[in-house]
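Asker: There's a structure below that I have some questions on.
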Ligand code: NAD
């Protein structure tokens, strides 16, 4: 069978071709997995986050070459609202209007409430919650004007239920789920969707780093923390993968995600079914 030129072009087109996506905290872990999934489907990507500049440049170039899309990098520190506005302006200037915003950047600190450092509380709320508000506020007017937008907030199972020693993280992630619902209601008739993904444990540097802190807080070994603290809440007893979170984000950003808005979608092996 010979394909017509139009059929060939449509067979080659990818679902997110031409879309511009900002993925915060995408130099590592889940954010990088999401950037990969979106780039694979044709989206042009704004990477953001901290790390070794040479390693970030390698990641940027690999992503771009592998998927044939433009990939740029913003070093914006998301704890600072002015830097968030700068990142959005830079993205718009270089790539054009923003179609997709993934609020993913996040940090963690584990300690009992009575010993929780005030500075850590402030930092976690700023990066994990307030940055999603400021970034949403910066991209939304143009999304509404153009009648299209996809906002995906990477919350957590801790946006739905709590665990001890994570007061700031649990408060911030519950806040992210609330913000998601509000933005969804305000934009429901205007072609914009806003959803939260609530992962259980995903094997990334963020989880790796907290094992030592958890071991101290619970007076356990690192192995005991993995089996008896982390995965004990997750009925399937498996870490989720960054590819799974990336694929769900890509689905929400595609045409079949159009009617899903205001949802908090669990990817937690059954954790929040308890
Ligand atoms: P990670 O530590 O691997 O990545 C975090 C990213 O955020 C990095 O790119 C880092 O540079 C960036 N970042 C941190 N502070 C920043 C700041 N001030 N400004 C800009 N970028 C900043 O972590 P991860 O596990 O991939 O987590 C990503 C998101 O997923 C977080 O919001 C986290 O709360 C959430 N999450 C993770 C898990 C898990 O098990 N890993 C589970 C549920 C939710």
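Residue numbers (my numbering): 3 to 276. All C-beta atoms, glycine included, are put in the ideal place defined by N, C-alpha and C.
Got a sec, what are the start and stop residues for the alpha helix (DSSP H) residue 169 sits in?
Answerer: Locating residue 169 in the chain shown gives position 167, counting from the first residue. 169-189 is the extent of the alpha helix (DSSP H) around residue 169.
Asker: Please state if the CB of residue 37 and the CB of residue 25 are separated by a distance shorter than 9 Å.
Answerer: Within the chain shown, residue 25 is the residue found at index 23, counting from 1. Within the chain shown, residue 37 is the residue found at index 35, counting from 1. Cβ atoms of residue 25 and residue 37: closer than 9 Å.
Asker: Look at the Cβ atom of residue 251, then the Cβ atom of residue 71, and state whether they are nearer than 9 Å.
Answerer: Stepping through the chain shown from its first residue, residue 251 is reached at position 249. Stepping through the chain shown from its first residue, residue 71 is reached at position 69. It is not a contact, given that the beta carbons lie outside the stated cut-off.
Asker: Report the three-state DSSP secondary structure of residue 36 (helix, strand or coil).
Answerer: Position 34 of the chain shown, counted from the start, is the residue given in the question as residue 36. Residue 36: helix per DSSP, three-state reduction.
Asker: Under three-state DSSP, which class holds residue 242?
Answerer: Here the question's residue 242 lines up with position 240 in the chain shown. Residue state, collapsed to three classes: strand.
Asker: Can you give the beta carbon distance from residue 27 to residue 51, rounded, assuming they're within the 8 Å contact cut?
Answerer: Numbered from 1 along the chain shown, position 25 holds the residue referred to as residue 27. Numbered from 1 along the chain shown, position 49 holds the residue referred to as residue 51. With 8 Å as the limit, residue 27 and residue 51 qualify as a contact, their Cβ atoms being about 5 Å apart.
Asker: Please name the residue, chosen from 16, 60, 61, that lies closest to residue 40 on a Cα-to-Cα basis.
Answerer: To locate residue 40, count along the chain shown from 1; it is residue 38. Minimum Cα distance to residue 40 is reached at 16.
Asker: Which whole runs of the beta strand (DSSP E) in the segment 21-88 are 3 residues long or more, in chain order?
Answerer: Fully enclosed beta strand (DSSP E) runs of 3 or longer: 22-25, 46-50, 73-76.
Asker: Determine whether the beta carbon atoms of residue 157 and residue 102 lie at a separation below 9 Å.
Answerer: Working through the chain shown from its first residue, we reach residue 157 at position 155. Working through the chain shown from its first residue, we reach residue 102 at position 100. Cβ atoms of residue 157 and residue 102: not closer than 9 Å.
Asker: Tell whether a beta-carbon distance below 9 Å holds between residue 145 and residue 99.
Answerer: Working through the chain shown from its first residue, we reach residue 145 at position 143. Working through the chain shown from its first residue, we reach residue 99 at position 97. Cβ distance < 9 Å, so residue 145 and residue 99 count as in contact.
Asker: Are there 16 or more other CB atoms within 10 angstroms of the CB of residue 271, so buried, or fewer, so exposed?
Answerer: By one-based count along the chain shown, residue 271 stands at place 269. Its Cβ being crowded by 16 or more others within 10 Å, residue 271 is buried.
Asker: Exposed or buried, residue 60, counting other C-beta atoms within 10 Å across all chains shown (16 or more means buried)?
Answerer: Position 58 of the chain shown, counting from 1, holds the residue named residue 60. Exposed is the call here.
Asker: Between the Cα of residue 131 and those of 160, 234, 140, 181, spot the shortest distance and give me the residue it belongs to.
Answerer: Locating residue 131 in the chain shown gives position 129, where the first residue counts as 1. Of the listed residues, the one whose Cα sits closest to residue 131 is 181.
Asker: Tell me whether the beta-carbon of residue 255 lies closer than 9 Å to the beta-carbon of residue 94.
Answerer: Translated into positions along the chain shown, residue 255 becomes position 253. Translated into positions along the chain shown, residue 94 becomes position 92. Contact: no.
Asker: Please report the residue range of the beta strand (DSSP E) in which residue 195 lies.
Answerer: Locating residue 195 in the chain shown gives position 193, where the first residue counts as 1. From DSSP, the beta strand (DSSP E) with residue 195 extends over 194-201.
Asker: If you reduce the DSSP assignment to three classes, tell me which class residue 162 lands in.
Answerer: Position 160 of the chain shown holds residue 162. The answer is coil: DSSP assigns residue 162 none of H, G, I, E or B.
Asker: Excluding the 5 residues preceding and the 5 following residue 174 in the sequence, name in chain order all residues of the same chain whose CB lies nearer than 7 Å to its CB.
Answerer: Within the chain shown, numbered from 1, the residue matching residue 174 stands at position 172. Closer than 7 Å at the Cβ level, and outside the excluded window around residue 174, lie 126, 127, 130, 131.
Asker: With a threshold of 16 other CB atoms inside 10 Å of the CB of residue 191, please say whether the residue is buried or exposed.
Answerer: Against the chain shown, residue 191 aligns to sequence position 189. Per the 10 Å Cβ criterion, exposed.
Asker: When burial is assigned at 16 or more other CB atoms within 10 Å of the CB, is residue 207 buried or exposed?
Answerer: Locating residue 207 in the chain shown gives position 205, where the first residue counts as 1. Classification for residue 207: exposed.
Asker: Please find out if some non-hydrogen atom of the ligand NAD comes closer than 8 Å to the beta-carbon of residue 177.
Answerer: As a working note, residue 177 is residue 175 in the chain shown. Checking the Cβ of residue 177 against the ligand NAD gives no.
Asker: Flag this pair as touching only if the segment 227-234 and the segment 209-218 have three or more C-beta atom pairs under 8 Å; answer yes or no.
Answerer: As far as the Cβ criterion goes, the segment 227-234 touches the segment 209-218, which means the pair count is three or higher.
Asker: Who are residue 152's beta bridge partners in DSSP?
Answerer: Numbered from its first residue, the chain shown carries residue 152 at position 150. Answer by DSSP bridge pairing, in chain order: 102, 195.
Asker: Considering only DSSP beta bridges, list what residue 268 is partnered with.
Answerer: Working through the chain shown from its first residue, we reach residue 268 at position 266. In the DSSP output, where bridge partners are listed per residue, residue 268 has 200.
Asker: Does any CB atom of chain D fall closer than 9 Å to the CB of residue 216?
Answerer: Protein chain content of the structure displayed is limited to a single chain, and chain D is not contained in it.
Asker: At a threshold of 8 Å, does residue 248 count as lining the ligand NAD (C-beta to nearest heavy atom)?
Answerer: Your numbering for residue 248 matches position 246 in the chain shown. Residue 248 Cβ: outside cutoff for every heavy atom of the ligand NAD.
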